[in-house]
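Letter by letter, the sequence shown follows residues 3 to 58 of the numbering used here. Just so it is clear, CB atoms sit at the ideal spot from N, CA and C, and this is done for glycine as well. For reference, the structure discussed in these notes is given below.
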Amino acid sequence: MDRRWLVALVDAMEQAARPEVRNVPCDASLISAAAAHLARPAPTFGHCGSAYSLRN
């Protein structure tokens, strides 16, 4: 099983957790864009409720 994506995720999280990165202020437009995205209703996927299937 290819776990490179997991290694990349862990590396990104470790980098983001560094104090010098965490102390940099975030752009207000990014924060408002994220808030607007999260405020939208979750998408529905037909009658099943998900775009994924265990039968794939």
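- Rounded to the nearest angstrom, the gap between the Cα atoms of R20 and A14 is 10 Å.
- Contact annotation, Q17 with V26: C-beta distance approximately 12 Å; criterion of less than 8 Å not satisfied.
- In the structure shown, R5 adopts coil according to DSSP, grouped into three states.
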